[in-house]
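A short write-up of the structure that comes next.
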Amino acid sequence: MTDSYERSRTRTFTEEELEQFDSDAAEFLAQDELEERLGVALLEVEVEWDESERIDDLSPGIEPEFYDIYLVYADKLNPFTVIFTKDDDTSGYYRIHRPEDLSELKESIAQWVQDCDIADMEEQDRQEHYRRFDENRDYD
25 MTDSYERSRT RTFTEEELEQ FDSDAAEFLA QDELEERLGV ALLEVEVEWD ESERIDDLSP
85 GIEPEFYDIY LVYADKLNPF TVIFTKDDDT SGYYRIHRPE DLSELKESIA QWVQDCDIAD
145 MEEQDRQEHY RRFDENRDYD
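This is the structure we're talking about:
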């Protein structure tokens, strides 16, 4: 690509604008707010996960591969974030920082999914702990 092409695609922001974008990126947005900010569809990302340990009726030697598809959109109001959702009818919208290279989104979203899975497992463990505590509690 030529320098003039690159320059025509490059924009400069003031420090105040950058601070506003950073501040905006840190805000929690409700689902309807995220939906209103959906911009151009950027790409689809496949995030792989392995459920072979949970499947008992497979023939020996067969390792299934599973994945979820996430749809990634530009954030109309913040060029430094993207909005994404799992490609199904029930998932919500989420927002993360936009990497310099869009090819890094697969890794970013996969890490986000893994972090959420870990948090879900920790919450399930915590709930199980409280349930057992309540069962063993002496109410006399």
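For the sequence shown, our numbering gives the first residue as 25, with consecutive numbering after it. Glycine is no exception: its CB is placed at the ideal position from the N, C-alpha and C atoms.
- Pairwise C-beta distances place the segment 90–97 out of contact with the segment 145–155, as fewer than three of them are shorter than 8 Å.
- For the pair W136 and V71, the Cα-to-Cα distance works out to about 10 Å.
- P84 has its alpha-carbon roughly 45 Å from the corresponding atom of E59.
- If you look at D141, you'll find it in the alpha helix (DSSP H) that goes 129–160.
- Residue state for R31 is assigned as helix, using DSSP reduced to three classes.
- With fewer than 16 other beta carbons inside 10 angstroms of its own, T34 counts as exposed.
- The C-beta distance from Y117 to A65 rounds to 13 Å, too long to fall under 8 Å, and the pair is not in contact.
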